[in-house]
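Chemist: Under my numbering, think of the first position of the sequence shown as 1, with each following residue one higher.
The structure that follows is given in the form of structure tokens.
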Amino acid sequence: MSGKILETNRLYLRKFTLDDIDEVVYCCNDYEIHKNTLLLPYPYKEEHARFWIEANLKAFEDAKEYSFAVIRKEDDKLIGCVGLSNDIMQSNGELGYWFGRDYWHKGYATEAAKAVVDWAFNEKDYHRVHARHLIYNRPSGRVMEKIGMTFEGIQKDHVRKLNDYIDTVLYGIVKSGK
């Protein structure tokens with residue numbers, strides 16, 4: 001796997017490339033993905049993927065945000081993304097992720113998110129990582145709990161989604177030993 005940055009038992013995590021456009025569109029052009037994420041548009045088109053990949057490559061290079069393509073080892077298939085913002089002043093960041101619906105409920109999100117949080121603490125010296133999920137997306141909250149995050153609160157009417165204001169649920173984790 002070329003460009004590998006992180007590795008788990010079943011996955012490689014690397015930077016996105018423009019060669020990933022078709023697989024990103026395949027994963028993201030799904031109303032269920034749109035409904036359960038904070039920012040992905042629907043329908044999700046090639047131009048969305050191109051713009052997003054180019055912006056994320058620049059952000060990765062500038063150390064503002066790290067978006068990792070999650071690749072399944074068994075077939076080198078792109079199955080999702082785990083991203084982490086980088087607040088240098090506060091030594092923290094927000095974790096986010098999406099996975100194609102074909103890859104839900106298989107433990108991939110937990111495995112990849114854990115690898116990125118460990119990387120943030122051990123390689124990038126983050127003090128804290130937090131994540132949010134839409135109130136109705138309980139499976140995302142379970143991923144956060146499985147990687148060691150704890151519930152911190154509910155943000156009332158925090159995002160506008162599906163023509164309504166939706167609460168988000170906040171989780172966080174602090175680097176151990178601090």
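Glycine included, each C-beta is placed from N, C-alpha and C at the ideal position.
Note that the coordinates shown come from a computational prediction; the quantities given were computed from them, not determined experimentally.
1) Note down, in chain order, each residue of its chain lying with its Cβ closer than 8 Å to the Cβ of N29, except the 5 sequence neighbours on either side.
2) Under the rule that 16 or more other beta-carbon atoms within 10 Å means buried, what is L18, buried or exposed?
3) Going along the chain, which residues of its own chain have a beta-carbon closer than 7 Å to the beta-carbon of K124, five neighbours each way excluded?
4) So does the segment 143 to 163 actually touch the segment 46 to 62, counting three or more Cβ pairs closer than 8 Å?
5) Please check the pair S85 and E65, which I expect to be a contact at CB under 8 Å, by giving their CB distance rounded to whole angstroms.
6) Per DSSP, what kind of secondary structure is S85 in: helix, strand or coil?
7) Are the beta-carbon atoms belonging to G83 and V129 less than 8 Å from one another?
8) May I ask you to report which of helix, strand or coil DSSP gives A63?
9) Just the Cα atoms here: how many angstroms apart are A59 and D164?
10) Please report the distance separating the alpha-carbon of Q90 from that of T168.
11) Classify R101 as buried or exposed, calling it buried when 16 or more other Cβ atoms lie within 10 Å of its own Cβ.
12) Per DSSP, what kind of secondary structure is E152 in: helix, strand or coil?
13) Just mark M1 as buried or exposed, buried being the case when its beta carbon has 16 or more other beta carbons within 10 Å.
14) If K77 sits next to F121, beta carbons under 8 Å apart, how far is it from one beta carbon to the other, in whole angstroms?
15) Going by DSSP in three states, W98 sits in which element: helix, strand or coil?
16) Since I believe L57 is in contact with K15 (beta carbons under 8 Å), could you give me their beta-carbon distance rounded to a whole number of angstroms?
17) Use the C-beta contact count for A115: other C-beta atoms within 10 angstroms, 16 or more gives buried, fewer gives exposed.
18) Compute the Euclidean distance between the alpha carbons of N9 and G107, then round it to the nearest angstrom.
Modeler: According to the data block:
1) Y42, P43, Y44 and K45
2) exposed
3) none
4) no
5) 5 Å
6) strand
7) no
8) coil
9) 30 Å
10) 22 Å
11) exposed
12) strand
13) Summary for M1: the model assigns pLDDT 44, below 50, so the residue's position carries little reliability; its value from the coordinates is reported in the next sentence. Result: exposed.
14) With a Cβ gap of about 28 Å, K77 and F121 do not count as contacting.
15) strand
16) 7 Å
17) buried
18) 11 Å
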